[in-house]
Each structure stands twice: as C-alpha cells, then as structure tokens.
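Colleague:
There are 2 protein chains.
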Amino acid sequence: MPSKEEFVVTPYEVRGRIDYARLQEQFGTQALSPELLDRLRRAAGGELHPLLTRGVYFSHRDLDRLLAGLEAGRPFFLYSGRGPSGPLHTSHLLPFDLCRWFQERFHAPMYLQITDDEKFWVRGGLSRADTYRWGMENLADLLAIGFDPARTRVFFDSRSIGVMYPLAEEVARKVNFSTVRAVFGFSASQNIGAIFYTALQSVPCFWPSWYAGREIPCLIPCGIDQDPHFRVTRDLAEGLGYPKPALVHSVMLPGLLGERVMSTSGDQKDNAIFLDDPPAEVERKVGNAFTGGRATVEEQRRLGAVPEVCSVWALWRGKFASSEAEFQEVTQGCRSGALLCGECKSRLVPRVQSFLAQHAERKAAARDRVEGLILEGSLRPDGSGPVVRGDVPLP
Amino acid sequence: MPSKEEFVVTPYEVRGRIDYARLQEQFGTQALSPELLDRLRRAAGGELHPLLTRGVYFSHRDLDRLLAGLEAGRPFFLYSGRGPSGPLHTSHLLPFDLCRWFQERFHAPMYLQITDDEKFWVRGGLSRADTYRWGMENLADLLAIGFDPARTRVFFDSRSIGVMYPLAEEVARKVNFSTVRAVFGFSASQNIGAIFYTALQSVPCFWPSWYAGREIPCLIPCGIDQDPHFRVTRDLAEGLGYPKPALVHSVMLPGLLGERVMSTSGDQKDNAIFLDDPPAEVERKVGNAFTGGRATVEEQRRLGAVPEVCSVWALWRGKFASSEAEFQEVTQGCRSGALLCGECKSRLVPRVQSFLAQHAERKAAARDRVEGLILEGSLRPDGSGPVVRGDVPLP
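So the sequence lines, in the order shown, correspond to chains A and B.
Residues in the first sequence are numbered consecutively from 172, following my numbering.
Residues in the second sequence are numbered consecutively from 172, following my numbering.
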C-alpha cells in the first residue's frame, strides 16, 4: 500500500489518493486554464461541454496548438478507445461524451478503438472470446451515445489488424523494452503481447495522416491514467513524420464505495452504475453509495457536506446534472447543509434510471450500425498500404 | 570474437566454428540416425532425398513420433519460412528443397511463411517497403522450386496478419520477455516488434489444427539456427492444445569466402551464389571460392584435399551433384587428390549456370501463382476465427 501521499497512476494500475496537481507536474502536462477554455468556447461557437466547465477535464497536452490550427482553418480528428473486459459503467462514458461534443461542434471524424487484444493480454481470466464479445457489446454502448455514423469508424483490434498492422510495424520498430518497462512499469515476466500492444495504441493517432498522405492533427480525450501510452506515441510522432496527438485528460472519478478510483474489477460491481443495471439495482447502489456527508443530520445542517469526496456528487458532476444551474444548486446545497444526502440520492435515482432506459433503447438501435463501422482490410498487393472496406472519413 | 571452441547459434546471430555434436547436445535435439533414416526411406517408398543421405540434415526433434503417426495413417503438413532481407542464394533452398520432396512423397500440404515484418524489425537499413518487396521476390523464387499449388499456401506476415492474429494473440499471452531474452539473447534495447515476433513464427505450426479443429502434426525442415523459435513453440504446444511440431535441422553450409557460415549481409555478396547471378558472375565466384585444397598441386596429389572445409564441395553436396554416384565420385576424387580444385570448379560452373537459367524460367512462370497462394482474411463477425480467402489445403 502506498502511504497517504503516494499514488500510482499507469494504464495498468491506479492506486492511492491522487494529487492531480502533482500528477500533472509528474507527467508534465498543462492545466486546462480558464484562458484556454475560453478560446475553446469561442472556437466551439460560444459553449463548452459541462465536463470542461466542471473541471472533470483538468489537464491537456497541445490543445493550444490544436486550437491555433483550428483558428487557421486546419481541421482535426478525434480518437478514444475502450479496453473491453466487462460491461461499461457511467464513468467509462467520460471520454466518449466529450468526443461526441467535439464531433458535433467541429464536424470532426471520430476513430473509436476497441482493444480486445490488449485486455486479453493484460487481464487474467478472460478468454479471447470473452474480450471479443465484450468489445462488440461495449461498442454498441458507445455508438448509442450518438456519434455520427458518416464521420465515425472503429479500429476493433482483432478485426482491424490487417488495416493497422503496417503502421504498427513502423511504430514497433521505434519502441524498445526499456521504454515500455519505464513507462508502464512492466517486468520481464510481462507477456510479449502486452509489450507489443502500445504500438497498436499509437496506430489510430497516426493512421488518418498516413492514409491521407497529409498531416491531420489528432485530439484524444482520455483518463489521465492513459496518458503514458500517448507519451510514447508523442515521442515517436515527429520521427515518423506525423503530428503529435493533442490530449485532454480527465480525473478518475471516485467509485460508489468510496475508493478514490472507480475500479470495478473483481467483486466490485457495487462500485459503479453499469449501463445495464436494472432500476432496482440503481436505487440500491445509490442508496448505499459513499457520500461526503456528516455523522449526523444536525452536524450536516451546521457544517455542510463535502462534495469533493462524495461519489454521488461525482455522478451529478460527470453525467446527470441537466444544466449548469442544477449542478450549482446541488453543489451549493450540499456544501451549505441545505441538501441532505438522502434527499440528494432520491433526486438522483430517477434521473439515472431514466438515462439507462433511454440508453438501452439507443443501444438496441445502435447494434445495426456496429458492423458497418468496423475498419477491415489487408495490405495491397503492391505493399503500399491497406485496402480498407468502406469509405474512411477524413477531415 | 569467440575463441576457437566457442560458437554462438541463435536465429539472430551465428558465429564461431560450430561443433554440431555439441550444438545438438546444447539444444537437446536428436541425431538423424541411420535407423530413423531407414524408417523414413520405407515410409517414402524406398528413397531418401540427397540432403538426408549426405548428412546436410543431421538432427531432429520428434521425427520418430511423426513417422509413427504416418505409419498409423495420420498425415502431416509441412512448414518452413524465409525472412526476406535480400535475394536468395543456393543455401537458402535447403529447407525448401527438402519440403518439396516431402510434399511430393507424402502429398503433404505446405505452408510457406514470409516474415517481412520480422526482417523489418531486426535488420537495420531496410524499410518496410524493402522487406515487402524482397518477400514477394523471394516467394516467386520459392514457388519456382515446384511446390504443388493445390497443396501450398503462404503466410505472408504483413498480408496475412488478419488470418494469423487471433492465434498469435493466444501464443503471445503465453510467452514473456524473460523467455525471449533467454532464447534469443535479446536485451532491453530490443524493439517491441522483434520481441513480439516469435508469436507469429509459432502461428503456422498450430494454424491448420486450429482451423480444422483437429490435431494435424507439423514437420519443419529448417537450419539449426532457427531451432530456438520452435523450442518456444514446442513448449507452448500442449498448453494450447496442439501437437508439438517435429523438426529436421540442417547444418549451416560454409560460404564461398570460407566463413563457417554462409553470411551474405553487408558487402559479402561474393560469399554465395545468388539465384539471379549472371553466368559470368558464377564463373568468377566459383573461381575465387575458398576450397579445402593444398598449397601446391604436388602436395594435393600426394595428400588429397579436405572436402569438409571446402565451399565448392558444399555446393556439390547441398545442391549440384546430380546423383549419389557423382557425389561420391567428386568426394573421393577430392579426398584422394585425383580431382584438383581447378578441375572440380570447372566442372561445377556450367552445372550452376544451367540450374540458374532454368530457375529463372521457372521463377518467371511462378510469378503468376504468387497472389493466389497468399492467405488473407479477417476475423469473423462472431469472433470465432478468420474468414480465409480461397481453399485451405488440409491433410
């Protein structure tokens, strides 16, 4: 166990109480400053997504450079991904909700990656069939968010490898074991699939530029824990002749059980609201959720509660406050002691239930779109690049 | 430099004077005994390929088990491969000449692997386009040997990855960096492509069993230097539910310049007869070739020469003696001093020139067959296995 001040954040392990300011310094990322957010707001036509205004996204790399390009008329594309090891919960939507907003505002192509090979390599107890099946299932969930099918394509690793491999070869030649050991904390007992994998996670960042034969900048919304993958990618970019991808990083929202991170591995199914949770389950989980409340009602009325440590507040903040006004009202009510935890939870439950019901409908409709969006193909007989099934959207 | 008694044999480095008996002991392989060869001769209808009778193939793993299966009516398939980094020379044909004989005698399916990705990863100075181009070129050479197109298919790594990847995922999960470090001598500065690659070299060994859903044994003729790859494969086989591939190993024939190994990297183009060498080049190279001859004619007449160290004898032995009688005649003439080096070379030159001329014709005709034999495809939408273009020959 790390001490109170220690924490570990890698794509394969998140533990300890994360100090985001220190993490940002450790990783060498930039704060999403009010000035930069204003600039983004202007570019986006006067509005920002709540995940940006509420500080869930707190850090970035090269967003300023991306915005400068945009202001000069250079469009970009979006990329984010999912390692499919089980059902999605609401925190998994953070990057995709933001991607959808960027796509809508900027008409940006979106590349979704499903890393079923990676999960098979790093997660014991899952077969290849399991991660494949979760990949297809998760993909239907993600498409249900409402991405524009004409502008969205999927790198589904085990399906799309023929398209991805030539570029993965180029990337893999530039990365050695020392680097993955240092960046991901791998030991010599790590399997060679997991070691190779980071090459595949770089592919979508470069692929559109490679395919189009011109520089197309990439923007990646992701959890800060995924940043190390893209540090490797960014270090390689110039050597391979592609623009460095820009990133915006979110915090790791706390789980319902009060952990600092929404870990849902193992027996921690009560730690999150899953997208397929039935209404009674939502009620039970929110009812039992860890809050920032005080020991007694009297104390809470007097001192107020602490939203920053509260898993219920994290749900309002990350997904369910329907407006900035409501979010402020809940936050102030909590902090002032006017809004007690039971009342706050009762108000949230139907909101979550109704979202999940709508999501289930959208997901059912999205299933038909899945197959058509998966990139497939193989290398041309002249070896120059892949033949890709279907039109590929490029900005 | 290793001392006289030291030698190093890995798929990525061969140096020193190889003691094959010690190497066999080091690697833990079995001798191709006269008894085993007799058994193979009977199964093959009464004849053996000269590479077997002349001791060029000297070692094996589980050939006895493969023969027992064959005697009990269980057919097998053949697999061998080529890492395409440049033009082929005559020693490169050793595994393929033997494969062709096995295919003809036993109607065995043959899987050829072209490892253009591996060569790109391990050989500096070659682009992906270079290794791809050499792969296509080498493949035409190999098909020119006369494999039966109805029974022959090609895993061309960068083209066939969609077909190979699901099985490569399974293999890669079972191999860790410690293993490849120990087996191949890799350091932490090795790139992650080369580290991953051994998973792909295992794929053809298991693929037919996996695709057919029943155990189909594999026989791999290869240079002894390639054995480490298949030691990894064999260690994994049972855990993955496939039969261990059997191997027959050849010695490394000496190069024309007198090295112990036919290395043709760098500026060593004079160290071998390439399949596209023009007639004058053949004459020049053979004329300059290192032999086992004595300092003077008188001495050679008196003491005889030493075929075992002679690069010209290696050509007779490995390829150009048209019959066992001729091979014995050349060998005895050399050893007795009756056949002088100049005469031996003059006799060999037209033999090589005529082979190369015929090869060029067969290669031109084989180019049309290349595309049709490359396995291509990608994972089925149900994730169960790949859809493969064309019929796949299974025994």
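Idealized CB from N, CA, C, for every residue including glycine.
Model, not experiment: these values are computed from the prediction.
#1: Going by DSSP, name the residue or residues bridged to B:Pro557.
#2: Hey, quick one: how far does the beta strand (DSSP E) through B:Cys481 stretch, first residue to last?
#3: Looking only at its own chain, which residues have a Cβ that is under 7 Å from the Cβ of A:Leu194, when we skip the five neighbours before and after it?
#4: Relative to the C-alpha of A:Gly548, which candidate in A:Gln524, A:His530, A:Gly333 has its C-alpha closest?
#5: Does any residue of chain B bring its CB to less than 8 Å from the CB of A:Ala359?
#6: So with CB distances below 7 Å, who are the chain A contacts of B:Leu550?
#7: Beta-carbon separation of B:Leu446 and B:Asp312 under 8 Å?
#8: Could you check the C-alpha separation between A:Asp209 and A:Ala215 for me, to the nearest Å?
#9: With distances taken from CA atoms, which of B:Glu184, B:Gly561, B:Pro552 is nearest B:Leu544?
#10: What does the Cβ neighbour count give for B:Pro557, buried or exposed, with the cut at 16 atoms within 10 Å?
#11: For a contact meaning CB atoms closer than 8 Å, what does A:Trp292 contact in chain B?
#12: Whose C-beta lies closer than 6 Å to the C-beta of B:Gly356 among residues of the same chain, with five residues either side of it excluded?
#13: At what residues does the beta strand (DSSP E) containing B:Tyr228 begin and finish?
#14: Name the DSSP bridge partner or partners of B:Ser380?
#15: Pull out every residue of the segment 352-383 of chain A whose Cβ sits closer than 9 Å to any Cβ of chain B, in chain order.
#16: Please report the residue range of the alpha helix (DSSP H) in which B:Thr181 lies.
#17: Are B:Leu265 and B:Val227 closer than 8 Å when you measure CB to CB?
#18: Using the Cβ count rule (16 or more neighbours within 10 Å means buried), how would you classify A:Gly437?
#19: Return the CA-CA distance between A:Asn459 and B:His400, expressed in angstroms with no decimal places.
#20: Against chain A, does B:Phe326 count as a neighbour if the rule is that its beta carbon must be under 8 Å from one of theirs?
#21: Does any CB atom of chain B fall closer than 8 Å to the CB of A:Tyr303?
#22: 8 Å is my cut-off, CB to CB: does A:Gly561 come that close to chain B?
#23: Could you work out which residues of chain E lie near B:Arg299, taking near to mean beta carbons separated by less than 9 Å?
#24: Using CA coordinates, which residue listed in B:Arg330, B:Ile285, B:Arg294, B:Glu340 is at the minimum distance from A:Leu297?
#25: Thinking C-alpha only, which one of B:Gly252, B:Gln201, B:Ser349, B:Glu495 is nearest B:Met307?
#26: Can you name, in chain order, every residue of its own chain whose Cβ lies under 6 Å from the Cβ of B:Pro320, other than the five neighbours on each side?
#27: At least one CB of chain A closer than 8 Å to the CB of B:Gly257: is that the case?
#28: Answer with yes or no whether the minimum CB distance from B:Ala184 to chain A is below 8 Å.
#29: Just to check my reading of the structure: A:Arg225 and A:Phe498 have Cβ atoms closer than 8 Å, yes? What is that Cβ distance to the nearest angstrom?
#30: With a cut-off of 8 Å on the beta carbons, I'd call B:Gly237 and B:Phe247 a contact; round off their distance for me.
#31: Hey, would you say A:Leu511 sits closer than 8 Å to A:Val468, going by beta carbons?
#32: Please confirm if B:Asn309 has its CB atom under 8 Å from at least one CB of chain A.
#33: Which whole runs of the alpha helix (DSSP H) in the segment 265-331 of chain B are 4 residues long or more, in chain order?
#34: Closer than 7 Å by beta-carbon distance: list the chain A residues that pair up with B:Gly333, in chain order.
#35: Closer than 8 Å by beta-carbon distance: list the chain B residues that pair up with A:Ser349, in chain order.
Modeller: Result, derived from the coordinates:
#1: B:Leu550
#2: From DSSP, B:Cys481 is part of no beta strand (DSSP E); its letter is neither H nor E.
#3: Val180, Ile395
#4: A:Gly333
#5: yes
#6: Ser329, Arg330
#7: yes
#8: 10 Å
#9: B:Gly561
#10: buried
#11: Glu340, Ala343, Arg344
#12: Thr181
#13: 228-232
#14: Paired residue(s): none; B:Ser380 is not in a bridge.
#15: Arg352, Phe357, Ser358, Ala359, Ser360, Gln361, Asn362, Ile363, Gly364, Ala365, Ile366, Phe367, Tyr368, Thr369, Ala370
#16: B:Thr181 -> not in any alpha helix (DSSP H); beta strand (DSSP E) instead, spanning 178-181.
#17: yes
#18: Because the pLDDT at A:Gly437 is just 49, under 50, the model does not fix this residue reliably, and the point stays unresolved.
#19: 54 Å
#20: no
#21: yes
#22: no
#23: Considering every chain present, this structure includes no chain E. Its protein chains are A and B.
#24: B:Glu340
#25: B:Gly252
#26: Arg540
#27: no
#28: Residue identity differs from the one stated: residue 184 of chain B is Glu in this sequence, not Ala. With 8 Å as the cut-off, B:Glu184 does not count as an interface residue toward chain A.
#29: 7 Å
#30: The amino acid at residue 237 of chain B is misidentified as Gly; the sequence shows Leu. Confirmed, Cβ separation roughly 6 Å.
#31: yes
#32: no
#33: 265-277, 287-293, 299-315
#34: Ile332, Gly333, Ser549
#35: Ala359, Ser360
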